[in-house]
Each structure stands twice: as C-alpha cells, then as structure tokens.
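Chains as they are written, first to last, in the numbering used here: chain A, 1 to 333; chain B, 1 to 341.
Working notes, structure below.
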Amino acid sequence: MKSLLAFVFCAALLFNAGCSKAPEPAGGGSGKKLTVALMPKSKGNAYFVSCKQGADEAAKELGLDLLFDGPTEPDPAKQNEIIENWITLGVDVIAVACENSEGISTALRKARKKGVKVVTFDSDAAADAREFFVNQATPEGIGYTLMDEAARLTGEEGEFAIISATLTAANMNAWRKHIEARLAEKYPKLKLVATKPSDDLKDKAQSEATALLSAYPNLKLLMAICSPAVPGCAEAVKQAGKAGTVKVMGLGLPGENRRYVKEDVTQSVVLWKTVDLGYLTIHAANAVGNGVLKPGDTRYAAGRLGELEIQGSDILLGKPFIFNKANIDEFDF
Amino acid sequence: MSKPSFFSRTRGWWRSHEAVLLVVLLAELVFFSSAGRRFGTADNFFDIARHSTEIGLLALVMTPIILTGGIDLSVGSLLGLCAVVFGKLWRDGGCSPGIAGVLTLGLGTLAGLLNGGLITGLRLPPLIVTLGTYSLFRGLAEALTHGADTFTDFPASFLFLGQETWTGLPAQAWVLMVAAVGFWLLVHRTTFGRAFCAIGWASEGARYAGIPVRARVTLAYGLAGFVSGLAAIIYTARLGQAKADAGTGYELFAITAVVLGGTSIFGGAGSIHGTLLGVAAIGVLSNGLVHIHQPREVAGMLTGFLLLLALAVSVLPQWLSSLAIRRRAAQGSQSSPPSTP
Numbered sequence: 001m002k003s004l005l006a007f008v009f010c011a012a013l014l015f016n017a018g019c020s021k022a023p024e025p026a027g028g029g030s031g032k033k034l035t036v037a038l039m040p041k042s043k044g045n046a047y048f049v050s051c052k053q054g055a056d057e058a059a060k061e062l063g064l065d066l067l068f069d070g071p072t073e074p075d076p077a078k079q080n081e082i083i084e085n086w087i088t089l090g091v092d093v094i095a096v097a098c099e100n101s102e103g104i105s106t107a108l109r110k111a112r113k114k115g116v117k118v119v120t121f122d123s124d125a126a127a128d129a130r131e132f133f134v135n136q137a138t139p140e141g142i143g144y145t146l147m148d149e150a151a152r153l154t155g156e157e158g159e160f161a162i163i164s165a166t167l168t169a170a171n172m173n174a175w176r177k178h179i180e181a182r183l184a185e186k187y188p189k190l191k192l193v194a195t196k197p198s199d200d201l202k203d204k205a206q207s208e209a210t211a212l213l214s215a216y217p218n219l220k221l222l223m224a225i226c227s228p229a230v231p232g233c234a235e236a237v238k239q240a241g242k243a244g245t246v247k248v249m250g251l252g253l254p255g256e257n258r259r260y261v262k263e264d265v266t267q268s269v270v271l272w273k274t275v276d277l278g279y280l281t282i283h284a285a286n287a288v289g290n291g292v293l294k295p296g297d298t299r300y301a302a303g304r305l306g307e308l309e310i311q312g313s314d315i316l317l318g319k320p321f322i323f324n325k326a327n328i329d330e331f332d333f
Numbered sequence: 001m002s003k004p005s006f007f008s009r010t011r012g013w014w015r016s017h018e019a020v021l022l023v024v025l026l027a028e029l030v031f032f033s034s035a036g037r038r039f040g041t042a043d044n045f046f047d048i049a050r051h052s053t054e055i056g057l058l059a060l061v062m063t064p065i066i067l068t069g070g071i072d073l074s075v076g077s078l079l080g081l082c083a084v085v086f087g088k089l090w091r092d093g094g095c096s097p098g099i100a101g102v103l104t105l106g107l108g109t110l111a112g113l114l115n116g117g118l119i120t121g122l123r124l125p126p127l128i129v130t131l132g133t134y135s136l137f138r139g140l141a142e143a144l145t146h147g148a149d150t151f152t153d154f155p156a157s158f159l160f161l162g163q164e165t166w167t168g169l170p171a172q173a174w175v176l177m178v179a180a181v182g183f184w185l186l187v188h189r190t191t192f193g194r195a196f197c198a199i200g201w202a203s204e205g206a207r208y209a210g211i212p213v214r215a216r217v218t219l220a221y222g223l224a225g226f227v228s229g230l231a232a233i234i235y236t237a238r239l240g241q242a243k244a245d246a247g248t249g250y251e252l253f254a255i256t257a258v259v260l261g262g263t264s265i266f267g268g269a270g271s272i273h274g275t276l277l278g279v280a281a282i283g284v285l286s287n288g289l290v291h292i293h294q295p296r297e298v299a300g301m302l303t304g305f306l307l308l309l310a311l312a313v314s315v316l317p318q319w320l321s322s323l324a325i326r327r328r329a330a331q332g333s334q335s336s337p338p339s340t341p
C-alpha cells in the first residue's frame, strides 16, 4: 500500500514536472489553459459592460478562465489593490483599462516583475508597465472616418461646422488636424466655416450650434467631436426645425444619441465596437500569455476580427464603426 | 430548583465581543484557506497587511475619539489633503521626502487640532464640525491640484515604505504594529488614556473627577490629524501617486472597523484590540473574496452583514441572561424560594 502511494506520488510529481517543462506548442490558440484577469475603469459603466460581452465571447472561444473585476466607485487605490490581489492569486495575464495611468503603472510593473503578462486596453498605462496596448482608435482613424462620413452625408459639397470640447484639448486637436488634412486632400468642394468649443457640456454645445445655425444659413452639417456635443447639436437642430436639412453627426455613444438617430435628426454616430474591443483584448492577452504574440510583431490575427495591424506596441482595433438608424438598436451602451 | 443559566454563570474573556469577533476572523481564515488556492500564502498576508494599513491606522486613532463619544468624519478627506500637500512639497517645493513628510505630519496635526478646537472651544457637535472639515479638506486638496494634477515619480527610497518588505514584513506593517501597541498602551494602560473612556461614559462626571475634558478631547482629534497625515504618506508610497481623491470614503471604513470591533458608538466602552480585530476581519474578508473569485461588491454586502451579525451575537449573552433572570424571577414569585447559586 505504502509503495503504491509512493508510486502515485512520484508519478504525480513527474507529471507535474513534465507539464510545467513542456515546451509551448507553436502556433496560436493551442497553448495551456490560461487565467486572464480583465479590469474595466469601473464596473457599472455600460461601455465596459459591452466590452465584457466581447471578452466573454473570446474567453469561450479560446477556452480560458476569465476573471472580471474592477472598482465600483472611483477610487484609484482600488485598481491597484485588485491588481495586487491578482498577482498573489497567480493569474497568467492581466488586461486593464487604466483610470489613472501613473498610479496603476506601479502595480503593473510589480506584476511584470513577478512574471505576469500585462496588456492594457481603452486607456494606456506607462509603456514600460505593459507588453501591449489594445488601441481602439488612432487619431488618424477617428479624423478620417469623421470626415469621410461627413462628406458622404453632404454629397461632398457645401458648408459645415465643427463643435469641439475645448480648443486646447490635445486629443481634440489631434483629431481636428486629421479631419482638416483629409478635407484638404479629398473634398475640395466642402468648406469648414467654423470650429466652436463647447467645454464638453451639452448645453454649451446646444447654444453654440444654435448660434451657428443662424450665422450660417447655408450650413449643411454639424460635426460634434466630443460626446456631449452630439446630442447638444441634435437638440439645437431639432428646436430650430431644421431636422434633415442640417445633418448632425459626431463622435459619441450610441445610447445618448439613439433618440435623435431614430427621429432622423442625427444621421451618424462614430465610435468603435466596444464588444470587439473586449474580444480583441482577450485574444491579445491569450496570445501574449502563450508567447504567440511577442514585442516586435507587426501583425496579429485575432479570431473573427482577422488580421490586425500592430504599430509599435499598439494593437489597432481598426477603423471606427458608424452607428446609424439601421444598426443603432443592436448596441445597448 | 432552577439552575443559574449557562450565560449568567460564566464570566470570562471569551464571552466578550472581541472573542466573538476573533471566532469570526478565524472562521474567515479557515474558510478562505480551504476554498482559495493561494489564500494561505505569506505573499497574500502581506497583501492584506498592505491594503489594511491606512484604514487600520485611521481606525486606531478613531477609537479614542469614539470612546469619548465623538466621531471624526474628516480623516479620509484629510488623508487626501495631506497626500496632495506632501506631493506638492516634494515636487514643487523641492523638499526631500523626509522633510515633506515631517511638514505633512505637522499639517495633519494642525488640521486635527482645528477639529478639536472647534468642537471643544465652540461646543459644537463633532458630527457637524467634522462634516464641515470633511468637505473643507477635500475641497482644499482639489483646489490645490485643480482636481487633475497628480504627483508621481517618487524616488524608490520613499516608495520602499509602501511597496517593499523590511525584516520579513511589509514596511508599513511595522508602522501599523508600532501604532497599535502605542494606542493599546495609551488607551488601556495609562490614566491619561483611560480618560477617553471616562469622558465618553459621563463627560460631566469626568470633569468633576478632575479630568481636563476639553484638553483630552482636543488631543484626540489632534492625534487623528497626525495619524491621517501618516496614513497619507503611506498611501502615497504604496500607490506611487498622490491625487486629490486619495482616501475617499476611508472615514466610513475606519468607523465600521471600530464599531465592528465592539466600541460603542455612544462612547465609554470599547477597546483597541477589538478595533484591530475589526480591521483584520474586514481586510481578510475583502481579500478572501477575490481568492474564491467573488466580485468585489460582495465584500461591501458581507461587511455590512458581518457588522450586524457581530453586534447581534455580542448582545445575545446579555439578552439570554436577562431573559433567564426574568424567567427565574417569574418562577420564583410563583413557587419555589429563590435559589442561591
């Protein structure tokens, strides 16, 4: 009996050793079963809830264990605590949307030091605190998509105006730069007549839009490039009785624009598919954990999303998605 | 005929609230160790210690305040203010972390004395005064940073305090232990500290007994300010960043730990070791849930449940013995003469 036990024990040990030393199989998707921990900025946010849908889909597809946790209240210390708990728990990969880049990088560096792989998505940490950043949209992608959609809606001619958040915001200016570059390059008959700030407030956007509507009677389109400004512009156009004559489009969340899209006040809302963002994040996390995806790679095939581009250490989700009357009901965030 | 009840006959430490809480804590430890694969590791206990230190310090200093019948709602906000001031002194003021730390502790103490002064000097209720400074301190922290400025890139020698281990334990755990021993001696072993209980029990009586009530109460709040500053420094070292929202909601965690630890919210009764057990019970619970893959919000729910359960269980013996006495009295009046236990 004793020898049998000893045999079983030895066999188990050998088996264990064999498992841990076995070389990782080459090629994607067939590595060992990983535990991937996914953290949103906050758990209740509809945006991240829909990211999780995609994450669940990918986890099922890849057969990995997915942990999902995050702060319920805005406390920067909470994200760090959860990361530290995950390190102790022995997860293989951590994927996180960083509320505060600097603060969380401390915890992420610690994770990497302990052999846990780190991927960020939605908003990045310091570059040395993670292996890859799943980038949902580049300024170029956003700028070009917005301009192309505006051109499509106006038939590539006429006057249009932009409502921004503030005229100094770095991300807004990066987008504007690409919008204007695209305009100069491809649409000579379209004319940008004004760019107005809205301070990221819906009311301010609405009053600016109202002013623009009376100042430029030939205006064909309002482009709002910060999310509160999209419904703000729509409200202004609706109240001026110009729904349909002056088109409204912009960068925003489908949820807060659904009403206006259905009333034909707003024609298009540009954003990325959050479900795909979650899906890609888990695919990338899995590939990094299995050693399939390594620094220096320039392309990555992520399941149903196909072959995607990698710029530096940014995995690009691709072109933004356009929500309109035909598809907006499929998205609940 | 009637025997004295089990509860009224036995008198011992294990009937105390602290003993009940110790059992709860042990039950948590046993449960999570068996259910969570990595729960029982040294690394994990280090995590728990790291994550509990700031709340632990605030709970320790909250105990004497609640013992006097007061409360301090401003400690979390003061932690935020101190963290921001510490960051500003270091980054913009050119102070070394050591000097910045000393100045921060000074600021914390002054802020605490402001609370104490308003409460004793103007005879305002502690709840109102600290509700005011709760907003004031947080507002100052936000104003100093315009709500957006974040202080980071502290030197590794400073981050050591929050992230590394020193002689076998996380560095900040030593601070917590020293504070715990210090507060225990102060509250339970000095006449000076026993005044807190006396004040909470009967403030007028304490005054007639020669206790300088106002000075002691002011001191308790000053001490809270000092410790908030200390917690702010440790918080900053642990996260590697100081931001105006540091320590949001920590005052309520601290108060929960104190009350869970058996200190009466009306003052006059309670203990430092009870508070420590309260901190440990909450810390282990929220950590353990991660190890059995339960979502974080369950921790809040269970903490509330634990608090109510601990309170209920701790009054149970009293309730049972009073029930027994009443029944005996009722029986006695009907038939047999009262027995002598």
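Idealized CB from N, CA, C, for every residue including glycine.
CB contact check: Leu239/B to chain A, cutoff 7 Å:
With 7 Å as the cut-off, Leu239/B counts as an interface residue toward chain A.
Per DSSP, Ala263/A is paired with what?
Going by the sequence as given, residue 263/A is Glu instead of Ala. Glu263/A is not bridged by DSSP to any residue.
Since Arg299/A sits in a beta bridge, which residues does DSSP pair it with?
Per DSSP, Glu309/A.
Secondary structure of Val36/A, DSSP reduced to three states
Residue state, collapsed to three classes: strand.
Mind checking if Thr53/B is an interface residue toward chain A, Cβ cutoff 7 Å exclusive?
Not one beta carbon of chain A lies nearer than 7 Å to the beta carbon of Thr53/B.
Establish whether the CB of Asp56/A and some CB of chain B are separated by less than 7 Å.
For Asp56/A, the closest Cβ of chain B is not nearer than 7 Å.
Return the CA-CA distance between Ile328/A and Arg109/A, expressed in angstroms with no decimal places.
Spanning the two alpha carbons is a distance of roughly 40 Å.
Between Ile225/A and the ligand NAD, is there a pair consisting of the residue's CB and a ligand heavy atom that are separated by less than 6 Å?
For the structure depicted, the ligand NAD is absent and the ligand set is empty, with no information on it obtainable.
Within 7 Å of any Cβ in chain A, is that where the Cβ of Glu28/B sits?
Not closer than 7 Å to any Cβ of chain A, the Cβ of Glu28/B fails to qualify, so no.
On the CB-based measure, 16 or more other CB atoms within 10 Å of its CB, does Asp43/B come out buried or exposed?
Counting other Cβ atoms within 10 Å of its Cβ, Asp43/B stays below 16 and is therefore classed as exposed.
Buried/exposed call for Asn171/A, threshold 16 Cβ in 10 Å:
Exposed, since its Cβ has fewer than 16 Cβ neighbours within 10 Å.
With 7 Å set as the bound, which would you pick, yes or no: does the beta-carbon of Gly103/A sit closer than that to a beta-carbon of chain B?
At least one CB atom of chain B sits nearer than 7 Å to the CB of Gly103/A.
Inter-residue spacing [alpha-carbon to alpha-carbon] between Pro188/A and Glu157/A
Roughly 8 Å between the two C-alpha positions.
Using three-state DSSP, classify Asp200/A as helix, strand or coil.
Coil.
Quick one: complete alpha helix (DSSP H) runs, 4+ long, within the stretch 79–149 of chain B?
If we require 4 residues or more, the alpha helix (DSSP H) runs fully inside the stretch 79–149 of chain B come out as 97–121 and 126–145.
According to DSSP, Thr263/B sits in a beta bridge with which residue or residues?
Beta-bridge pairing links Thr263/B to no other residue.
For Trp319/B, is the classification buried or exposed, using 16 other Cβ atoms within 10 angstroms of its Cβ as the cut-off for buried?
Result: exposed.
Residues in the stretch 273–305 of chain B with C-beta within 7 Å of chain A's C-beta atoms, listed in sequence order?
Flagged, chain order: Asn287, Val290, His291, His293, Pro295, Arg296 and Glu297.
Taking only runs of the alpha helix (DSSP H) that begin and end inside the stretch 230–291 of chain A, which ones reach a length of at least 4 residues, in chain order?
Listed in chain order, the alpha helix (DSSP H) runs fully inside the stretch 230–291 of chain A are 254–262 and 274–289, counting runs of at least 4 residues.
Residues, ordered as in the chain, of the stretch 59–70 of chain A that lie near chain B by beta-carbon distance below 7 Å
For the stretch 59–70 of chain A, the set of residues with a beta-carbon nearer than 7 Å to any beta-carbon of chain B comprises Leu67 and Asp69, in chain order.
May I ask which residues mark the beginning and end of the beta strand (DSSP E) holding Asp65/A?
Where Asp65/A is concerned, the enclosing beta strand (DSSP E) stretches over Asp65 to Phe68.
So, helix, strand or coil for Gly158/A, using DSSP?
If DSSP states are grouped into helix, strand and coil, Gly158/A belongs with the strands.
Could you check whether Lys238/A and Val265/A sit closer than 7 Å to each other, using their CB atoms as the reference points?
Cβ atoms of Val265/A and Lys238/A: closer than 7 Å.
Cα separation between Ile234/B and Ala215/B?
Rounded to the nearest angstrom, the two C-alpha atoms are 29 Å apart.
Pull up the distance between the alpha-carbon of Leu201/A and that of Asn135/A, whole angstroms please.
Whole-angstrom Cα-Cα distance: 26 Å.
Assumed close pair Gly112/B, Ala180/B - CB separation to whole angstroms, cut-off 8 Å
Not a contact, Cβ separation roughly 19 Å.
My assumption, with CB atoms under 8 Å, is that Thr41/B sits in contact with Thr88/A. Please give the rounded CB distance.
Yes, Thr41/B and Thr88/A are in contact; Cβ-Cβ is about 7 Å, under 8 Å.
Using beta carbons (cut-off 7 Å, strictly below), is Asp47/B in contact with chain A?
Chain A contact via Cβ: present.
Hey, does Ala285/A have any beta-carbon neighbour from chain B nearer than 7 Å?
It does not; no Cβ of chain B falls within 7 Å.
With Val23/B as the anchor, note down where its beta strand (DSSP E) starts and where it stops.
Where Val23/B is concerned, there is no enclosing beta strand (DSSP E), although the alpha helix (DSSP H) around it starts and stops at His17 to Ala35.
Would Leu21/B and Leu277/B be called neighbours here (beta carbons separated by less than 7 Å)?
Inclusion of Leu21/B and Leu277/B in the CB contact set at 7 Å is warranted, their separation being smaller than that value.
To the nearest angstrom, how far is the alpha carbon of Arg299/A from that of Ile94/A?
Near 21 Å, if we compare the C-alpha coordinates of Ile94/A and Arg299/A.
Should Asp92/B be flagged as near chain A, meaning a C-beta pair shorter than 7 Å?
No, Asp92/B does not count as interfacial toward chain A.
Determine, using beta carbons only, whether Cys233/A and Leu222/A come nearer to each other than 7 Å.
In this structure, Cys233/A lies near Leu222/A, with their beta-carbon atoms less than 7 Å apart.
Under 7 Å between the Cβ atoms of Pro320/A and Thr138/A?
No.
What is the residue span of the beta strand (DSSP E) that Asp47/B lies within?
Run containing Asp47/B: none in the beta strand (DSSP E); it sits in the alpha helix (DSSP H), Ala42 to Leu67.
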